[in-house]
Amino acid sequence: MSLALLLQLFASLACGLILGTLFFGGLWLTIRNLQKVSHPALLFLASALTRTLLTISGFWCIGIWLDESSRWQRLTVCLVGFILARMICTRMIRTDQPTFSGKSV
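This is the structure we're talking about:
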């Protein structure tokens, strides 16, 4: 594996993490603000379209970036970063749930 490919894969992972954070963080912000707006359906629709277009555009840019020889590897690593961002966002946002004291019953 060449150094150039390794750097491309690292950049793809970083892009996947950023895209996932923007997508799922935007979803979290949208859900939190639905009760505060007068037209929640419009907010949800605009947010969904914006997040989806941003994510598809990001994956498309990763797919056409540089040479064609390692396109599927970059897209796979970007998808892994996106899924990792989902897992991280889910754990960070889960603070509203009650926690248990850890005592055995």
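Counting in my numbering, the sequence shown runs from -14 upward without gaps. Beta carbons: idealized from backbone N, C-alpha and C, even for Gly. As the structure is a computational prediction, the values presented were derived from the model and not from experiment.
Residue from the options whose Cα sits closest to the Cα of residue i
i	options	result
Leu60	Pro25, Ile41, Lys21 and Ser23	Ile41
Val65	Arg56, Ala(-1), Ile49 and Thr75	Ala(-1)
Gly48	Ala(-11), Ser(-13), Gln(-7) and Met(-14)	Gln(-7)
Ile16	Gly1, Ile3, Leu2 and Ala33	Ala33
Val62	Cys74, Trp45, Phe(-5) and Gly43	Phe(-5)
Met161	His24, Trp50 and Ser54	Residue numbering for the chain in the displayed model covers -14 to 90; residue 161 lies beyond these limits and cannot be assessed.
Expected contact under 8 Å - CB spacing of residue i and residue j to nearest Å
i	j	result
Leu19	Leu28	6 Å
Gly43	Leu(-10)	Gly43 to Leu(-10), Cβ: 20 Å. No contact.
| Cβ contact (3+ pairs, closer than 8 Å) linking the segment 29 to 44 and the segment 0 to 10 | These segments touch.
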